[in-house]
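Structure first, then comments.
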Amino acid sequence: MIIGWLKRMEEKFDDMNKKQEEMKNQEELKKSQEELKKNQEEMKMNQEEMKNDIATMKNSIENIKSRLEEAEDCISELEDKMGKNTQLEQLLKKKQKKKLKKQKSLRELWDNTKQNNIRIIGVPEERKLRKTWKKYFKK
């Protein structure tokens with residue numbers, strides 16, 4: 001009887017220990033669940049922050065792309081202008097060469113006409129020249 005009673009008490013004690021362990025396990029599970037919930041909430045917050053950061057990065061990338069396109073357009077326009085400037089410079093050089101040739105030609109013509117118009121000192125012009133020639137021919 002006492003042995004039976006001791007066995008029952010031992011079983012009850014074991015049951016109580018098991019229940020106590022189960023309660024501890026349940027408390028630990030609750031704590032773990034709470035920690036998991038906190039971690040999940042933190043992860044959600046981090047995820048939202050990451051989404052916001054990604055959206056900001058996308059906007060920045062779009063802005064950079066648009067600036068890059070604008071810069072490329074400006075570069076293209078400048079290259080076109082440089083090409084036109086090069087063409088204009090070549091045309092200007094050609095015109096300057098032509099101008100120099102014409103100036104040289106004009107100078108040569110002028111020099112030729114100057115040579116033909118050399119005045120002899122002491123020889124009178126036109127009216128006086130006739131009289132002078134007559135004097136020379138009479139002699």
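Residue numbers (UniProt numbering): 1 to 139. Note that the Cβ used here is the ideal one computed from N, Cα and C, for glycine as well.
Using only the alpha-carbon positions, how far apart do residue i and residue j sit?
i: D15; j: L36; result: 30 Å
i: L106; j: K95; result: 16 Å
i: L78; j: E48; result: 44 Å
i: L6; j: E21; result: 22 Å
i: L29; j: M23; result: 9 Å
i: K19; j: E10; result: 14 Å
i: R67; j: N59; result: 12 Å
i: C74; j: E89; result: 22 Å
i: E42; j: M50; result: 12 Å
i: M57; j: E69; result: 18 Å
i: E27; j: I2; result: 36 Å
i: K93; j: K65; result: 41 Å
i: R8; j: N46; result: 55 Å
Does DSSP classify residue i as helix, strand or coil?
i: M1; result: coil
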